[in-house]
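Heads up: the sequence shown is residues 6 to 154, going by my numbering.
A virtual CB, placed ideally from N, CA and C, is assigned to each residue, including glycine.
Presented below is the structure to which this report refers.
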Amino acid sequence: MDRREMLGVVGAGAAGLVAMGGTARADDKGPHAEHLKTLDECANTCGRAAHHCLEQLRKGGQNAEAHVLAHELAMDCQATCSLATDLTARGSRVAHHVHGACAEVCAQCAKACEQAGDDEIMKECVRVCREAEKICRQMSQQGQRGGTR
């Protein structure tokens with residue numbers, strides 16, 4: 006197996022784990038169930054927004070620089086929301102640190118998506134990122150005061 010094949014296998018395995026994790030968390034009834042749902046929704050929406058931006062770039066559409074930035078931040082937001090979800094779901098003692106970073110990434114992603122266009126996927130990305138930002142700021146502050154775990 007060459008390096009490319011190995012990376013493909015590892016990537017497919019990681020994608021499968023993320024997909025399974027999102028499904029398992031959807032049924033969570035714990036104290037942060039609604040927060041987890043919002044963070045999962047943000048990660049999924051950012052994934053769609055990143056793909057949308059790539060499609061716009063492939064088409065050679067207008068506003069290319071804005072789509073490049075929105076794509077990069079949507080990918081970062083997807084990863085950060087997924088990490089925040091995972092740490093929260095398992096009650097990590099350091100989750101509040103990630104929540105603080107996640108709030109910042111969500112804010113930047115919302116701004117970039119807003120500037121990239123006004124089609125439905127970008128509007129949805131802005132809406133969901135702002136919701137996730139609000140939740141992450143609250144959870145970060147709660148954790149700093151000792152409110153989590």
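- What do you reckon, are the CB atoms on CYS82 and ASP45 nearer than 9 angstroms? No. Outside cutoff.
Q. What whole-angstrom Cβ distance do ALA100 and GLY148 have, given they're in contact under 8 angstroms?
A. Here ALA100 really is in contact with GLY148; their C-beta atoms are around 6 angstroms apart, less than 8 angstroms.
Exercise for the section: To the nearest angstrom, report how far apart THR2 and ALA137 are at their CA atoms. Expected result: In this structure the chain extends from 6 to 154, so residue 2 is not present and cannot be described.
Relative to the C-alpha of CYS58, which residue among HIS104, ALA117, CYS47 and VAL73 is closest? When each option's Cα is compared against that of CYS58, the closest is VAL73.
inquiry  = Let's see if you can read the secondary structure: which residues bound the alpha helix (DSSP H) around GLN113?
reply    = For GLN113, the enclosing alpha helix (DSSP H) begins and ends at 100-121.
Spatial neighbours of HIS56 within its chain, please: CB distance less than 7 angstroms, with the 5 preceding and 5 following residues excluded, ordered by chain position.
Nothing meets the Cβ criterion.
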